[in-house]
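Worksheet: one structure, shown below.
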Amino acid sequence: MPKQQLDDTEIYELRLYDVAHGRLADEVSRMYGVAVDGGGGAAGEEHASMFDRYGIPRPLGAWTSITGNRQPQFGYLLRWNSLAERDAAFPSFWADPEWQAIRNATDDSSAIIERMEDWLMRPSPSWKMAAAAGTRSTAPGDLTEMLIQRVETGHVPDAAAANVDQLLPFLRAQGAAFLGAFDVVIGPDMQAMITFLTWPDQPTHEAGWRAVDDDPALRQAVKNQRKTFGRPLVKSTEHQLLKPVHFATPIAMFGRDAK
Amino acid sequence: MTVTGPYYELRLYQCVHGRIPEMHRRMTHEVLPIFAANGVTLPIAYWTGYGGPRAPLYAYLLKWESLDTRMTSFRRFYVDPVWLKHKQETDAGEQMLVGMDVFILRAQGDVSGLLRPTSDVAVPALHELRLQQVLARDPEAALAAWKGTDLPFLKSRGATELGTFTMWYGTRMPQIVSLLGWDNARARQDAVEAWDADGAISAVRKQEQASFGAPIFGRCETSLLTPEFK
Numbered sequence: 001m002p003k004q005q006l007d008d009t010e011i012y013e014l015r016l017y018d019v020a021h022g023r024l025a026d027e028v029s030r031m032y033g034v035a036v037d038g039g040g041g042a043a044g045e046e047h048a049s050m051f052d053r054y055g056i057p058r059p060l061g062a063w064t065s066i067t068g069n070r071q072p073q074f075g076y077l078l079r080w081n082s083l084a085e086r087d088a089a090f091p092s093f094w095a096d097p098e099w100q101a102i103r104n105a106t107d108d109s110s111a112i113i114e115r116m117e118d119w120l121m122r123p124s125p126s127w128k129m130a131a132a133a134g135t136r137s138t139a140p141g142d143l144t145e146m147l148i149q150r151v152e153t154g155h156v157p158d159a160a161a162a163n164v165d166q167l168l169p170f171l172r173a174q175g176a177a178f179l180g181a182f183d184v185v186i187g188p189d190m191q192a193m194i195t196f197l198t199w200p201d202q203p204t205h206e207a208g209w210r211a212v213d214d215d216p217a218l219r220q221a222v223k224n225q226r227k228t229f230g231r232p233l234v235k236s237t238e239h240q241l242l243k244p245v246h247f248a249t250p251i252a253m254f255g256r257d258a259k
Numbered sequence: 260m261t262v263t264g265p266y267y268e269l270r271l272y273q274c275v276h277g278r279i280p281e282m283h284r285r286m287t288h289e290v291l292p293i294f295a296a297n298g299v300t301l302p303i304a305y306w307t308g309y310g311g312p313r314a315p316l317y318a319y320l321l322k323w324e325s326l327d328t329r330m331t332s333f334r335r336f337y338v339d340p341v342w343l344k345h346k347q348e349t350d351a352g353e354q355m356l357v358g359m360d361v362f363i364l365r366a367q368g369d370v371s372g373l374l375r376p377t378s379d380v381a382v383p384a385l386h387e388l389r390l391q392q393v394l395a396r397d398p399e400a401a402l403a404a405w406k407g408t409d410l411p412f413l414k415s416r417g418a419t420e421l422g423t424f425t426m427w428y429g430t431r432m433p434q435i436v437s438l439l440g441w442d443n444a445r446a447r448q449d450a451v452e453a454w455d456a457d458g459a460i461s462a463v464r465k466q467e468q469a470s471f472g473a474p475i476f477g478r479c480e481t482s483l484l485t486p487e488f489k
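Chains as they are written, first to last, in the numbering used here: chain D, 1 to 259; chain X, 260 to 489.
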């Protein structure tokens, strides 16, 4: 099946869960059962999941966090064609007694999920340009970086251009590969851009970002932003290093065509 | 808990000090016509505020029948040449905003107390915005407690319920988002202190803690706001 073109009107939903201490494995296995394989099929075969039944798409990526400010955390990414579809699908799923029974049984005596973030994003207009420099799927053992950049209000296009022209090519030379880039449209601490990268391992990630800080050209670029805009375009950066779960390792461009 | 019906979009702007009066003037005089031209609904309420974690705050609330329409309308708005020109002129060299939060809410009951954007009649002088984190395991029970126990108490001490919502897309969910009206800050403070000290309310909290194994209400982020009119 030919891949679909990236479409700027698609909506991406990022769901990040604060998981109770000691319950990450429970959350991952519950998610696998609910989103991917409902169980009861022949050996080695997936059986329709509850997500399938309600038209909730398979996660484009699902992760547990290695670093970040919300640990222990589990998160996943969905793509929707319309929010009307989304706001019919999820409430039907939540209301299904089968889901409630699964949730109660897997929660056992205390809840797995304590709190969640639910953000809506659209593909960044810079996504195609960023991908043109190269993209690849998550390889075995890869880690995903979710790079959240809080941007001066009104300067998202400038900050996105700086990523495409300077930061992302540099990170690529350090061993990162680009997966996708988004602008947050509903959520806290906006305006925010979220870029997903895949790295072969943590030491490469660490060395890559050290090189960013040591690079005279990138430092000069920020100085130039101060001169042009009166301040750096990126106010603050959150680096979340994530471990893909086995049933939802992100593929290049989250499955969209770069052309 | 209501999961159907219209959506409410709460937009919270933390401003650079000194720019709040200009924000409201810009909004009502210059931005609204550009909203209208692009299908963005007109706000049903506006606020400014200097008490709370996002202060100085400029906020407004939109009502949408469809979020897909919301996405299309804002997309059109942001590329409208009139808007781009206006933004360039007003931002010129000076940032207006520190940052912003945009949340989508669902009404839980009657919110018509908010729908008086053009008149100051019967609108309390002081508004309180409460973002109340609730127990993820049973947000319905938390909503029932808020509506059945806490709101009636606060109302008996002078609060007006302007609107109760739950966060549908946003942060630190599940959260109950409430707007209360008060005659003044003193009345509000007296009521909140009485609420905190009330024996019957404490007994309910203990009972909830016993049956859920955790507090039903978590942290609450509170802002005191002044309603603004078009």
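By construction, the Cβ of each residue, glycine as well, lies at the ideal position given by its N, Cα and C atoms.
Cutoff 8 Å: residue i Cβ touching any chain D Cβ
| i | result |
| --- | --- |
| X/D360 | yes |
| X/T261 | no |
| X/S461 | no |
| X/S415 | no |
| X/L438 | no |
| X/D327 | yes |
| X/L356 | yes |
| X/Y319 | no |
When the options are compared against residue i, the one with the closest alpha-carbon
| i | options | result |
| --- | --- | --- |
| X/T261 | X/P398, X/L438, X/F362 | X/P398 |
| X/S437 | X/G358, X/T419, X/A444 | X/T419 |
| D/I251 | D/A131, D/R226, D/Q225 | D/A131 |
| X/G477 | X/R285, X/L394, X/V382 | X/L394 |
| D/V28 | D/I113, D/E45, D/S82 | D/I113 |
| X/V338 | D/I186, D/P200, D/G154 | D/G154 |
| X/G308 | X/L385, X/A403, X/S470 | X/L385 |
| X/T408 | X/L388, X/Q434, X/A446, X/D457 | X/D457 |
| D/P216 | D/A192, D/L167, D/F254 | D/L167 |
| X/W306 | X/T300, X/R284, X/N297 | X/R284 |
| D/E85 | D/E152, D/E13, D/D18, D/A20 | D/E13 |
| D/I194 | D/E206, D/N224, D/V156 | D/V156 |
| D/R75 | D/G255, D/D8, D/Q240, D/D257 | According to the sequence displayed, residue 75 of chain D carries Gly and not Arg. D/G75 has its Cα closest to that of D/Q240, out of D/G255, D/D8, D/Q240, D/D257. |
| D/D165 | D/M129, D/K243, D/G39 | D/M129 |
| X/L484 | X/G311, X/F294, X/V275, X/A296 | X/G311 |
| X/L356 | X/V463, X/N443, X/F471, X/Q273 | X/Q273 |
CA-to-CA distance, residue j to residue i, given in whole angstroms
| i | j | result |
| --- | --- | --- |
| X/V412 | X/D449 | It is worth fixing the name first, because residue 412 of chain X is Phe in this sequence and not Val. Each residue's Cα considered, the two are about 12 Å apart. |
| X/S482 | X/R270 | 14 Å |
| D/G22 | X/K414 | 42 Å |
| X/R365 | D/D87 | 12 Å |
| D/E98 | X/M330 | 33 Å |
| D/V222 | D/P91 | 45 Å |
| D/D37 | D/E45 | 8 Å |
| X/P486 | X/Y267 | 17 Å |
| D/S137 | D/V184 | 23 Å |
| X/Q392 | D/D52 | 31 Å |
| D/N81 | X/R447 | 45 Å |
| D/W94 | X/M286 | 39 Å |
| X/D468 | X/T349 | According to the sequence provided, residue 468 of chain X is Gln. The question's Asp does not apply to it. Roughly 51 Å separates the two Cα atoms. |
| D/A48 | D/P57 | 12 Å |
| D/T64 | D/I148 | 16 Å |
| X/R335 | D/G40 | 48 Å |
| D/Q220 | D/R226 | 10 Å |
| X/L301 | X/K489 | 10 Å |
Chain X contact for residue i (CB, 8 Å cutoff)
| i | result |
| --- | --- |
| D/W119 | yes |
| D/E114 | yes |
| D/S65 | no |
| D/R150 | yes |
| D/G187 | yes |
| D/G134 | no |
| D/M190 | yes |
| D/A84 | yes |
| D/P91 | yes |
Residue i vs residue j beta-carbon contact at 8 Å
| i | j | result |
| --- | --- | --- |
| D/W127 | D/G208 | no |
| D/L197 | D/L171 | yes |
| X/I303 | X/L373 | yes |
| D/Q177 | D/G134 | Note that residue 177 of chain D is Ala in the sequence shown here, rather than Gln. Result yes, Cβ atoms of D/A177 and D/G134 sit closer than 8 Å. |
| D/A89 | D/G55 | yes |
| D/D107 | D/M50 | no |
| D/V234 | D/R115 | no |
| D/L78 | D/I186 | no |
| X/G358 | D/D158 | no |
| D/E117 | D/L24 | no |
| D/M253 | D/L83 | no |
| X/L439 | X/L421 | yes |
Sheet register partners of residue i (DSSP bridge)
| i | result |
| --- | --- |
| D/I11 | D/W80 |
| X/W342 | According to DSSP, X/W342 bridges with nothing at all. |
| D/A62 | D/Y76 |
Neighbouring residues, chain C, relative to residue i (Cβ below 8 Å)
| i | result |
| --- | --- |
| D/I11 | Judged by its chain identifiers, the structure shown contains no chain C, and its protein chains are D and X. |
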